[in-house]
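S.K.: Pasting a structure here, questions to come.
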Amino acid sequence: MLPSISGLGRSVSPEALLEPGLDVAVKKRLADAALNAAKAKGATYADVRIGRYLNQFVITREDRVQNIVNTESFGVGVRVIANGCWGFAAIVDAKNESDTAKAAETAVAIAKANSKIQKEPVQLAPQKGFGEVSWKAPIQKNGFEVPVKEKVDLLMAVNGAAMANGANFVNSVLFMVNEQKYFASTDGSYIDQDIHRIWPNFTVTAIDRQTGVFQTRNSLSAPMGMSYDYLQTNPKDKITGITTRYNMGYDMLEDVTAAAKQAKQKVAAKSVEAGKYDLILDPSHTWLTIHESVGHPLELDRVLGYEANFAGTSFATLDKWQSKNFNYGSKQVNFIADKIQPGSLGAVGWDDEGVKTKQWDLVKDGVLVNYQAIRDQAHIIGEKESQGCCYADSWGSVQFQRMANVSLAPGKEKLSVDEMIKDVKRGIYIIGDGSFSIDQQRYNFQFGGQLFYEIKDGQIAGMLRDVSYQSNTQEFWNSCVKVCDDRDYRLGGSFFDGKGQPSQSSAVSHGSSTARINGVNVINTARKI
Amino acid sequence: MAIILSESEAKALMQKVLSYSKADECEVNILGEERGNIRYARNTVSTSGSIINKNLAVRSAFGKKVGVATIDEFDDASLEKVVRRAEELAQLAPENPEYVELLGLQQYVKSNGFFESTAKITPSNRAEAVAQSLQLIAGNASKLQGAGFLQDYRGYRAMMNSKGAFAYYPSTNVNFSLTVRTDNGKGSGYVARGYSDFSKLDTVGATKIAIQKCLGSAEARALEPGKYTVILEPTAAAVLLENIFWNVDARSADEGRSYFSKAGGKSRLGDKIVDERITIYSDPTNPELPSSPWSGDGQAQSKRMWIEKGVVKNLAYSRYWAKKQGKQPVPYGSNMIVEGGNTSLEEMIRTTQRGILVTKLWYIREVDPQTILLTGLTRDGTFYIENGKIKHAVKNFRFNESPIIMLNNLESLGKPERVVSTESDQNYLIPPMKIREFTFTSLSDAV
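Same order as they appear, the protein sequences are chains A and B. Take the first sequence: its position 101, counted from the start at 1, is 101 in the working numbering, and no numbers get skipped. In the working numbering, each residue carries its 1-based index in the second sequence increased by 1000.
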């Protein structure tokens, strides 16, 4: 599910975002107080998360700044197992050991109360303690250290370029996040982590006043597990072609200039003729199809029914996995789950229950081979350890299973996008993500995009509009006939993936190289009113 | 200090905050709330929690330079500190050309949205409500799995500014939703209820409906996608109609980038856009759906027509945009009500030769803002009607349809009910509706 934005915390000055958080020794004391209190009250397991969450959003349109938001949220969440049942309690601005101990005691009381209607005791995969360790995102330039004026100047330049190139309107935003997380558990881990995320983006609108037709073009940036270094452009991060796309560095000015021209082109573009087409999907588009049709259905909590009342269940049931021959996709299709890829939104050293992160196969040579699981689910799929997919969006939210980065592996044989297009007789080349919708078991989906180009007899024949495609997950990935090689591999992602009740938000990346999917049903979305 | 302040306590606190202000203008917003929830799945409780939140926000302005700072501690030193911080941020901020000077004293209508029954909910009340639901599900002879969520809210919001405006509104709310599935995964039924008054919530009655939908929806047969007459239950209609509510912004319409824009640079204000039986309005005093009598910036809410007898009567003008366009400001409504008709759901079914009864729609996304074309799928109870009777369950469909086109194809309306949007969690008053030529574009295997 996309998107949802969770409670952000209190507003602070930009300078406050640079102040150091609590010293590690203080955090350890606060954590130990909670762990000891939980054990004293009868907990058989406890973990403590001390979190400081910093956000800065700069929001503009045309020639003006609409809002600059700086927020900080600090608190402690304690999770325990008592009488075989989970309990959770959290406390804002916990400043001393008695605060964290009290949260632990409340969590134990809730666990004991709920245990009366619990059917089976929680079974946790064993996890060794790591002692006192730390992990920092490998960022080059901390965006919170960049003066706000510099960010405003960048967005004003972006908006100016859009207007100078024919846009009627432009909205641009810079999102920056820093999660400072400390985790401790009765397994003997004390883990201090520093995580950064950034997402510069815009929407350009072009309007034909006479006819009343309007079209938009969104940025082709990706939200990244990086900081201001993502905005340092470098020619090696640019993929040129029909329009420039970006890898680990984003040229916002260049992209918005192209976007303004393309939004106008879209107004006058040919409306697509509905029918079957071979689709050439750019990574800036494919990430969302992977997210919805592979990432979500292979979340084990959905498979088991824990999300039945909201996000839904999954078509990828345990019997399909147990058969060892369920063809999720064609032989070209390999999906990899990952929590370590540098620059990705999912990369951390340890997850939110103290499990060291890793990479593993979900679909190998087209066959479903695994799911994404956490400690209390690992035994269900015969795993001896968790895969490290546990996450909470705040100190005040209970951690649960969230999506790892799930990516389509690049093709093993050398293949460029031009070579891929050369063989297509009737196709559409789709760049950027657009409208998206999928059923609650992840069979039937519909996706739009930002840019659509008609392919006729191996040549790009011009721009199209009003394009969406509908397909079925298994049929779609089994129609994947080619994937470009790793020269074309890029990440896309979601800053605000929503799941759970109450809903929590998480950020996740999905990588791919350009892929060809044959014979997909394309509909025309224009309507006359 | 209590989390939920009385009107006089809130007033005194905000007066104190304003006394520290040295800015040209200052506005204080304060909230206090307690939320509780319990979640269950696979016929057992999975998580439960409670969250207490209080917050005070100060917005200070020097000319058109504006700063906002918030705090969750209410002692005198903290209050003064938050005012100083807002003023420092304002001095640092670039000028906001869209800043409009604050409103003076306003008069507000009375709206009773706070119910003791909801304010007093305890964790054991929640557990009891859920236990009754679980008992029915686990006790059913067919093997069934229940997954549900109960969430309650009690709280208040208040606002005061340096020009003399003061507003206070306490409210309560409880939302309950439940999905019941057959063990073999072939049937699934859904129900959702939302009330201000917890004493109206009947989890047993609601659970029976979800069980009935679940058992009835097993063994669904496939129908060809295409245009069908549909009967949308209020829960299904809500998620389509709220996309009209979200689009009533006058600025986007005037700028030429919304459905409410039209060729030649005009808006659709005054145009007849849907069937004349459609009237959509806001009314904070409606006893079934009480809502705040003031908008976030202190403007008074009143009964306001958005679409009356099919004609666009109002679009929402922010105070900035109204001033620029020489219009009166119109705040977004704090609730949305769709007037109904006299046709019961049973009557709608009885008079349908061939059609589809839809319980719920899911994953609604806008495909084209020009026409508010939406896509999404049916879910948790979709049934085929033939010759006035429900014949059998059908496999779920994906649709591509605009709520504007849909409301031009209106056959009949029933009595409005309070519903919870499965997309936004908002509560509305929406009638069941029968629509001809609703566009289903593909089939889904999902149950």
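Backbone N, C-alpha and C define an ideal beta-carbon position, used for all residues, glycine too. Values in this document were obtained by computation on a predicted structure and should not be read as measured data.
#1: If you measure from the beta carbon of Pro-1431(B) to each beta carbon in chain A, is any gap under 8 Å?
#2: Report the neighbours of Ile-1125(B) on chain A: residues whose CB is nearer than 7 Å to its CB, in chain order.
#3: Which parts of the segment 1183-1249 of chain B are runs of the beta strand (DSSP E), unbroken and 3 residues or longer, counting only runs that do not cross its ends?
#4: Is the distance from the Cβ of Val-152(A) to the Cβ of Val-69(A) below 8 Å?
#5: Less than 8 Å separating the beta-carbons of Thr-106(A) and Ala-82(A)?
#6: Any beta carbon from chain B within less than 8 Å of Ile-430(A)'s own beta carbon?
#7: Per the contact definition of three or more C-beta pairs closer than 8 Å, is the segment 1385-1401 of chain B in contact with the segment 1421-1440 of chain B?
#8: Which term fits Thr-211(A), buried or exposed, when burial requires 16 or more other beta carbons within 10 angstroms of its beta carbon?
#9: What does DSSP give as the partner residue(s) for His-1392(B) in the beta ladder?
#10: Going along the chain, which residues of its own chain have a beta-carbon closer than 7 Å to the beta-carbon of Asp-1197(B), five neighbours each way excluded?
#11: Whose CA, out of Ile-1004(B), Arg-1365(B) and Glu-1346(B), lies closest to the CA of Lys-1389(B)?
#12: Starting from the beta carbon of Ala-1263(B), find every residue of chain A whose beta carbon is closer than 9 Å, and list them in chain order.
#13: Among Asp-1425(B), Leu-1443(B), Asp-1445(B) and Asn-1409(B), which one has its Cα closest to the Cα of Lys-1434(B)?
#14: Quick check on Pro-502(A): does DSSP put it in helix, strand or coil?
#15: Got a sec? Which residues, its chain only, sit under 7 Å from Ile-1372(B) by beta carbon, not counting five neighbours each side?
#16: From the DSSP secondary-structure annotation, give me the bridge partner or partners of Tyr-53(A).
#17: Alpha helix (DSSP H) containing Arg-363(A): first to last residue?
#18: In chain order, what residues of the same chain have a beta carbon less than 6 Å from the beta carbon of Ser-1078(B), not counting five sequence neighbours either side?
#19: Measuring alpha carbon to alpha carbon, tell me which of Met-403(A), Lys-116(A), Lys-119(A) and Ile-428(A) ends up nearest Ile-290(A).
#20: Would you verify that the beta carbon of Ser-4(A) is, or is not, closer than 8 Å to some beta carbon of chain B?
#21: Where does Gly-1376(B) fall in DSSP's three states?
#22: Quick check on DSSP: helix, strand or coil for Ser-6(A)?
#23: Specify the secondary structure class of Pro-1123(B) as computed by DSSP and reduced to three states.
#24: With Ala-109(A) and Val-78(A) assumed to form a contact (beta carbons below 8 Å), what rounded beta-carbon distance in angstroms separates them?
#25: Tell me which residues of the segment 51-80 of chain A have at least one Cβ-Cβ distance to chain B shorter than 9 Å, keeping chain order.
#26: So which residues on chain A does Asp-1445(B) lean against when the C-beta distance must stay under 9 Å?
#27: Let's see if you can read the secondary structure: which residues bound the beta strand (DSSP E) around Ala-1057(B)?
#28: Residues of the segment 448-478 of chain A in Cβ contact with chain B at a cutoff of 8 Å, in chain order, please.
#29: Give me the residue from Asp-1152(B), Leu-1150(B) and Ala-1167(B) with the minimum Cα distance to Ala-1158(B).
#30: What three-state label does DSSP hand Gln-118(A) in the structure shown?
#31: Are Leu-464(A) and Lys-270(A) closer than 8 Å when you measure CB to CB?
#32: Whole angstroms is fine: what's the gap from Ala-1069(B)'s alpha carbon to Tyr-230(A)'s?
#33: According to DSSP, is Trp-531(A) part of a helix, a strand, or is it coil?
#34: Classify Pro-3(A) as buried or exposed, calling it buried when 16 or more other Cβ atoms lie within 10 Å of its own Cβ.
#35: For Leu-1429(B) and Ile-1337(B), I'd like the C-alpha separation in whole angstroms.
#36: Along chain B, which residues have their Cβ under 8 Å away from the Cβ of Asn-159(A)?
M.R.: The answer reads as follows:
#1: Reading the second sequence from its first residue, position 431 is the one you call residue 1431(B). Cβ-Cβ to chain A under 8 Å: no for Pro-1431(B).
#2: Translated into the one-based positions of the second sequence, residue 1125(B) becomes position 125. The sequence given here has Asn at residue 1125(B), not Ile. The premise fails here: Asn-1125(B) is roughly 13 Å from chain A at the closest Cβ pair, so nothing lies under 7 Å.
#3: Complete beta strand (DSSP E) runs here, min 3: 1188-1195 and 1227-1232.
#4: Translated into the one-based positions of the first sequence, residue 152(A) becomes position 152. Translated into the one-based positions of the first sequence, residue 69(A) becomes position 69. Contact flag unset, no.
#5: The count along the first sequence starts at 1 and reaches residue 106(A) at position 106. The count along the first sequence starts at 1 and reaches residue 82(A) at position 82. Cβ atoms of Thr-106(A) and Ala-82(A): not closer than 8 Å.
#6: By one-based count along the first sequence, residue 430(A) stands at place 430. It does not; no Cβ of chain B falls within 8 Å.
#7: yes
#8: For the purposes of this step, residue 211(A) is taken as the residue at position 211 of the first sequence. Under this definition Thr-211(A) is an exposed residue.
#9: Along the second sequence, read from residue 1 onward, the residue named residue 1392(B) stands at position 392. Beta-bridge pairing links His-1392(B) to Tyr-1384(B).
#10: Walking along the second sequence from the start, residue 1197(B) turns up at place 197. Short of 7 Å from the beta carbon of Asp-1197(B), and not among the five residues preceding or following it, lie these beta carbons of its own chain, in chain order: Phe-1115, Ser-1117 and Thr-1118.
#11: The count along the second sequence starts at 1 and reaches residue 1389(B) at position 389. Ranking the options by Cα distance to Lys-1389(B), first place goes to Glu-1346(B).
#12: Locating residue 1263(B) in the second sequence gives position 263, counting from the first residue. What Ala-1263(B) touches in chain A: Asp-208, Arg-209, Gln-210, Thr-211, Gly-212 and Val-213.
#13: The residue given as residue 1434(B) occupies position 434 in the second sequence. Per the Cα distances, Asn-1409(B).
#14: Numbered from its first residue, the first sequence carries residue 502(A) at position 502. Coil, per DSSP.
#15: Along the second sequence, read from residue 1 onward, the residue named residue 1372(B) stands at position 372. Taken in chain order, the residues that qualify are Asn-1243, Ile-1244, Asn-1247, Tyr-1259, Glu-1366, Ser-1402, Pro-1403 and Ile-1404.
#16: As a position in the first sequence, residue 53(A) is number 53, starting the count at 1. DSSP lists Ser-73(A) and Glu-179(A) as partners of Tyr-53(A).
#17: Counting from one through the first sequence, the residue named residue 363(A) turns up at place 363. Correcting the residue identity first, residue 363(A) is Val in this sequence and not Arg. Careful: Val-363(A) lies outside any alpha helix (DSSP H), inside the beta strand (DSSP E) at 359-364.
#18: For the purposes of this step, residue 1078(B) is taken as residue 78 along the second sequence, with counting starting at 1. The residues are Ile-1071.
#19: Start at 1 with the first residue of the first sequence, and residue 290(A) comes out as number 290. Nearest C-alpha to Ile-290(A): Met-403(A).
#20: For the purposes of this step, residue 4(A) is identified with residue 4 of the first sequence, where counting begins at 1. In this prediction, Ser-4(A) has a pLDDT of 32, which is less than 50 and means its spatial position is unreliable; nothing more can be read from the coordinates.
#21: If you number the second sequence from 1, residue 1376(B) lands on position 376. In the structure shown, the three-state DSSP call for Gly-1376(B) is strand.
#22: Translated into positions along the first sequence, residue 6(A) becomes position 6. Residue confidence is low: Ser-6(A) scores 35 on pLDDT, short of 50, so the model does not pin down where it sits. No coordinate-derived value is stated.
#23: Locating residue 1123(B) in the second sequence gives position 123, counting from the first residue. Three-state DSSP puts Pro-1123(B) in a helix.
#24: Within the first sequence, residue 109(A) is the residue found at index 109, counting from 1. Within the first sequence, residue 78(A) is the residue found at index 78, counting from 1. That belief does not hold up - the Cβ atoms of Ala-109(A) and Val-78(A) are roughly 12 Å apart, past 8 Å.
#25: Asp-63, Arg-64, Val-65, Gln-66, Asn-67, Ile-68, Val-69, Asn-70 and Thr-71
#26: Numbered from its first residue, the second sequence carries residue 1445(B) at position 445. Neighbours of Asp-1445(B) on chain A, chain order: Phe-315, Asp-439, Gln-441, Tyr-443, Asn-444 and Asn-472.
#27: One-based indexing of the second sequence puts residue 1057(B) at position 57. Run containing Ala-1057(B): 1044-1062, per the beta strand (DSSP E) assignment.
#28: Gly-448, Asp-466, Ser-468, Gln-470 and Asn-472
#29: Walking along the second sequence from the start, residue 1158(B) turns up at place 158. The shortest Cα separation from Ala-1158(B) among Asp-1152(B), Leu-1150(B) and Ala-1167(B) belongs to Ala-1167(B).
#30: Looking up residue 118(A) in the first sequence gives position 118. Residue state, collapsed to three classes: coil.
#31: Here residue 464(A) refers to the residue found at position 464 when the first sequence is read from its first residue. Here residue 270(A) refers to the residue found at position 270 when the first sequence is read from its first residue. For Leu-464(A) and Lys-270(A), yes; Cβs fall inside 8 Å.
#32: Counting from one through the second sequence, the residue named residue 1069(B) turns up at place 69. Counting from one through the first sequence, the residue named residue 230(A) turns up at place 230. Going by the C-alpha atoms only, they are around 29 Å apart.
#33: Residue 531(A) cannot be examined here, being either before or after the span of chain A that is shown, 1 to 529.
#34: Walking along the first sequence from the start, residue 3(A) turns up at place 3. In this predicted model, Pro-3(A) has a pLDDT of only 38, less than 50, meaning its place in the structure is not dependable enough to derive any value.
#35: Here the question's residue 1429(B) lines up with position 429 in the second sequence. Here the question's residue 1337(B) lines up with position 337 in the second sequence. In a straight line, the C-alpha of Leu-1429(B) is about 5 Å away from that of Ile-1337(B).
#36: Along the first sequence, read from residue 1 onward, the residue named residue 159(A) stands at position 159. The premise fails here: Asn-159(A) is roughly 13 Å from chain B at the closest Cβ pair, so nothing lies under 8 Å.
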